[in-house]
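To start, the structure under review is shown below, and the notes come after it.
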Amino acid sequence: MTFFGLDCLTKKERELERKLRANDREYNLSFKYATNAIKTSKYNFITFLPLNLFEQFQRIANAYFLFLLVLQVIPAISSLSWFTTVVPLVLVLTVTAAKDATDDINRHRSDNQVNNRKVQVLINRKLQNEKWMNVQVGDIIKLENNQFVTADLLLLSSSEPLNLVYIETAELDGETNLKVKQALSVTGDLGDNFEKLADFNGEVRCEPPNNRLDRFTGTLTFASQKYSLDNEKILLRGCTLRNTDWCFGLVLFGGPETKLMQNCGKSTFKRTSIDRLMNVLVLCIFGFLAFMCTILAIGNCIWELNDGSEFTVFLPRQDGTSAIFSAFLTFWSYVIILNTVVPISLYVSVEIIRLGNSFYIEWDRKMYYSRNDTPAEARTTTLNEELGQIKYIFSDKTGTLTQNIMTFNKCSINGKTYGDVFDYMGQRLEITEHTETVDFSFNPLADPRFQFHDHALVEAVKLENSEVHAFFRLLALCHTVMAEEKTEGELTYQAQSPDEGALVTAARNFGFVFRSRTPESVSIVEMGQPCTYDLLAILDFNNVRKRMSVIVRSPKGKLSLYCKGADTIIYERLHQSCSKLMNVTTEHLNEFAGEGLRTLALAYKDLDEEYFSHWQQRHHEASTALEEREQKLDELYEEIEKDLLLLGATAIEDKLQDGVPHTIEQLAKADIKFWVLTGDKQETAENIGYSCNLLREEMNDVFIISGNSPEEVMLELRNARTTMKPSALEDSVFLPASTHGKRSKLMADEVVSGEYGLVINGHSLAYALECHMEQEFLRTACMCKAVICCRVTPLQKAQVVELVKKYKQAVTLAIGDGANDVSMIKAAHIGVGISGQEGMQAVLSSDYSFAQFRFLQRLLLVHGRWSYLRMCKFLRYFFYKNFTFTFVHFWYAFFCGFSAQTVYDEWFITLYNLVYTALPVLGMSLFEQDVNDAWSFQHPQLYVPGQLNLYFSKKAFFKCVLHSCYSSLVLFFIPYLSVFDTVRHDGKDVADYQSFAVLTQTCLMFAVTIQLGFEMAYWTAVNTVFVMGSLAMYFAVTFTMYSNGLFLMLPSAFPFIGTARNSLNQPNIWLTILLTSILCILPVITHRFLMVQLYPTINDKVMFKVRQAKTKLPPPTPRARIRRTSSRRSGYAFSHAQGYGDLVTSNRFLRRPAVSRSSGFAHAGRTTTSFSPMGRSAGYSPTGRPQNTKVNNVEVTSLQMYRTIGEPSL
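With our numbering as the guide, the letters of the sequence shown map in order to residues 929 to 2138.
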């Protein structure tokens, strides 16, 4: 049993094949299969304390302070009280444990919520409600409409004809279009008869648990017959049952063995790069501390041998104490005294800073999405500064970059475009959410959610324009959509792809309503008149054809072929008479594509009865051929899809979330590389890549990797790389092993001339991620400006992230919104969840969450950069002040006989980090900003120093140590020389130990405070109060503790009676303080002046601009529309899937008979009734979810509109 992973099943050997028997728990339990319970928490009540303490003491500093505590309880060594270490150590451990406990309690709650869901299980011949976690492999369960699938199931039967079910797989692959599954006929006959189901004793042999979502192999043995099982008969956990009243399934895999959980990945403890650097530096500091203590111990030994005997008169030794033993004790004494080089207050302060910056994220109103009442949330407080160092972003597409809503945006019909809005002067208007929409009240069957703004198109429909009617008739007939009408007039479309749903919905609103279909017919309503077309053939879509056609006979007996597909494919098959129309439509298509719309060309052809009869006979023979069936069908399709007449083109918008192109553009300026990892098809992802400005037509080339073998993939990758950099094959791109501490070689960044993109599909990526090819893939991909991986599984997403982490010295961020993104979010250094339409799984696994993708730029460019800047400034200053404080002890040791005497008062040592310097450095770390958020957006290049670790690194640390060494020399020797052989104005001696201690610690306070003032670029009232208040607090506490009253109360605790009063009233003391402060700060000012003048950084240049602009805000970044002269991209041809034509004509899709209905149309004339749409969008959403109202701004070029063909009316 393991407490950390999801794998709760202990097995002696790996499972090679799954065997199970329906309704036989005793038999199935013998294999010890996992139950359906899941576990994502790390601890339980018993294991929390030991495991959590074990994890915390893996942090080197915590172990170090525990070691110090042990030393401090040894009287012969310690000169400081034990409670000075134990109190802060316990505080740190308690706060961290409380935070970890809270996080794990939330995980337990999430697990319990899922495990305690109820499902109906067939037990003892009746259905019983059982918790999900009690479901066993081999159980038969019943699911009802809109329920989540409980476990991985073999579909047995359903309420639908031919045992079909409709499922939504958004949680698995991000796609919300419905998919169809069908049970075996032998199990479908069981129906919902409990007796038959209870008697079912089929045995299943299938593949063992794995993470492949796209395949399943197995067999079912029942009634002495063996049946083949494939992925079309399996319902996976995480899917949702839609538009199906009920279904029964046999549990094959449960809990951690389901494909969903196999793809989830393991939770890992995430640490920032600064944390990892701190561990290295702490080790260096320990070594340096040991080195200093060794020097001082050797000095003590030498001093004892040479001068120690002179002091034995008044400093008698214990019997048997030698110089060597004295040196040994001195070593450990100085370990305690000099431990302030790594004070535990450092870690307390770091946690406070991170907590404060987390609150800033959650309080940011500019990251609050009012529409869903969703604020940004920092779900972890330990990774804030890492947000300022991101180099690679891995993003999902559906629901993350897009809203997953398709809208019918524009169209071109017979050489005229529709969709733009013009004023009375003929000037094109910008379409906004306030633009008037078309009134569809003349059509009672219209979808109230559909919106269109160009009134000219509905007028053309009402005026019975023959080309416009033919255009929408094609959209109403040529598709594989299934209609459902449970109540009169309320149509619901089950679309195989969102594109098809949007097109059929558009035809519906413009008066051509698709209502029902049978395998032999399609019923529509044309402008109020019901019509039934005979469906004679469907020429189905595939990835080679990139088009689909239907052959129908109208009610008047006319034979027609309607075709839609990728415009380049349709153009090749047009009649010569369409050349002029084709040129104009091409301009329109280029215009649409330039706006990022998904284009589709429409054409038709009237058929001769005699020819079609002959063709139909040959089609039947080809479809039943045993050999080369696909090739013969393709030849027949090519033959009949010729000499088509062009009708026009459609333009569909896959609605991006607001601000996506601008956000990606800003992140690119910040030198952040953006990779899209999506489960969608290639062209769908490419379209979005162009729409969101990730791919651009100005790029030198976009490489498509689609090889079907390792050799092909390797060749394509090498060809792409040599195209970008001809010398790439010979160059070595690995950094020397001495530059990093990891076992795997780190791959250096390569510079190429020009900009390139890379698109790779899922099966090619599987080869590219193999051990012998992964470096080739990564090297090629990293040379590209943008990378899109299509058709990837959730586990492949995580593998891509891990590959970049393995070979690139860079910080990664993954962002997604569905369960299919969880493994990627867990694998990245930082995971961001979008609380979108696909559930909360991504959010629950993320480190940060918000509602809109556009908030990512504020998270990184503002909060991330500020957090990194603040943390780095804090660490630099904290090490400076503590090293300076500690090194003074080191120099003093040479003047006190290496006796481990402290140079400061013990109370000052105790309060220095806790009181005197705590608030000023916290104030800087919580409020510091070099420039405000507006300037951060104006200059995204300010983000680059974080990626290069310029603010805090080993080099910066050693500079800090050298600076501290210099300051400590000044702070010790200037006061020492100023009071050496010096008397007061009244002739009394100044050079006593206590007076020197007060002078040195006062000089130290002024030096570190002035240094802090130079570090801060952003002064607030709080900062000022903290800085001035700390100095005032120092003097108030010092005068109080050195007063007569406290000495009389506790003479041993307050021995410095009157020292402050006697020392600080001398002018030469204040002159010494002034001199030490100037000498400490002078090199800092000189260095900064020279660096700004000679080698200004991007920060220096921007801050100079800010000073020039004084208090004015910078002008807002222009957000011009992204305009391109672009190649056209068909959305339909790639988002569609092969095989639905067969489904439509095979009688497999039929639903229950629809309700009786009338055409429901009013007169087709103009109506004066105003129409207020219900719902929130013009978009088509396959799941019927509420949608966004905002319509993106559009800009088009006005083209000459004219008619070019005069075909007979259809």
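Note that CB positions come from ideal geometry on N, CA and C, so glycine has one too.
Measuring straight from C-alpha to C-alpha, what distance separates residue i and residue j?
i            : j            : result
residue 1646 : residue 1653 : 10 Å
residue 1139 : residue 1607 : 14 Å
residue 945  : residue 1132 : 10 Å
residue 1279 : residue 1909 : 47 Å
residue 1995 : residue 1315 : 50 Å
residue 942  : residue 1609 : 34 Å
residue 1695 : residue 1637 : 7 Å
residue 1716 : residue 1618 : 11 Å
residue 1852 : residue 1864 : 19 Å
residue 1706 : residue 1466 : 43 Å
residue 1468 : residue 1110 : 20 Å
residue 1982 : residue 1833 : 9 Å
residue 1776 : residue 988  : 27 Å
residue 2053 : residue 1518 : Because the pLDDT at residue 2053 is just 43, under 50, the model does not fix this residue reliably, and the value given afterwards should be weighed accordingly. When rounded, the distance between both Cα atoms is 7 Å.
residue 1614 : residue 1168 : 28 Å
residue 1357 : residue 1363 : 9 Å
Would you identify the three-state DSSP class for residue i, choosing helix, strand or coil?
i            : result
residue 1353 : coil
residue 1054 : strand
residue 1065 : coil
residue 1923 : helix
residue 1714 : strand
residue 945  : coil
residue 1902 : helix
residue 2090 : For residue 2090, the predicted model reports a pLDDT of 45, less than 50, meaning its position is unreliable; a value from the coordinates is still stated below. Three-state DSSP puts residue 2090 in coil, outside helix and strand.
residue 1497 : helix
residue 2114 : Residue confidence is low: residue 2114 scores 40 on pLDDT, short of 50, so the model does not pin down where it sits. No coordinate-derived value is stated.
Note down, in chain order, each residue of its chain lying with its Cβ closer than 8 Å to the Cβ of residue i, except the 5 sequence neighbours on either side.
i            : result
residue 1154 : 1147 and 1148
residue 1901 : 1819
residue 1141 : 1100, 1101, 1164, 1187, 1191, 1721 and 1722
Per DSSP, which one or two residues make a beta bridge with residue i?
i            : result
residue 1576 : 1341 and 1530
residue 1235 : Note: residue 1235 sits in no beta bridge, so no partner.
residue 1410 : 1422
residue 1366 : Answer by DSSP bridge pairing: none, since residue 1366 is not bridged.
residue 1045 : Its beta-bridge partners do not exist; DSSP assigns none.
residue 1478 : 1466 and 1490
residue 1761 : 1744 and 1777
residue 1306 : 1776
residue 1458 : 1453
residue 1153 : 1150
residue 2143 : Residue coverage of the chain in this structure runs from 929 to 2138, which leaves residue 2143 outside it and unanswerable.
By Cβ distance below 6 Å, which residues in the same chain neighbour residue i in space, the five residues on each side in sequence not counted?
i            : result
residue 1385 : 1346
residue 1780 : 1297 and 1585
residue 947  : 1133
residue 1185 : 962 and 1137
Beta-carbon within less than 7 Å of residue i's beta-carbon, same chain only, minus the 5 sequence neighbours each way: which residues are those?
i            : result
residue 1809 : 1845 and 1936
residue 1600 : 1318, 1319 and 1321
Would the segment 1630-1645 count as touching the segment 1681-1691 if we require 3 or more Cβ pairs under 8 Å? yes
Between the segment 1480-1498 and the segment 1414-1423, do at least 3 Cβ pairs fall closer than 8 Å? no
Does the count of Cβ pairs from the segment 969-983 and the segment 991-1005 closer than 8 Å reach three? no
Three Cβ pairs or more, each shorter than 8 Å: is that satisfied between the segment 1877-1885 and the segment 1958-1969? no
With a threshold of 8 Å, are at least 3 pairs of Cβ atoms found where one atom belongs to the segment 960-970 and the other to the segment 1177-1188? yes
Three-pair Cβ contact test at 8 Å for the segment 1263-1273 versus the segment 1744-1764: Taking one beta carbon from each stretch, the segment 1263-1273 and the segment 1744-1764 have fewer than 3 pairs nearer than 8 Å; the two do not touch.
Between the segment 1787-1796 and the segment 1275-1295, do at least 3 Cβ pairs fall closer than 8 Å? yes
Closer than 8 Å is the cut-off here; do at least three beta carbon pairs connect the segment 1620-1630 with the segment 1702-1716? yes
Should the segment 1553-1569 be regarded as contacting the segment 1677-1684, the criterion being three or more beta carbon pairs within less than 8 Å? no
Check whether the segment 1937-1944 touches the segment 2003-2015, taking contact to mean three or more Cβ pairs, one atom from each stretch, closer than 8 Å. yes
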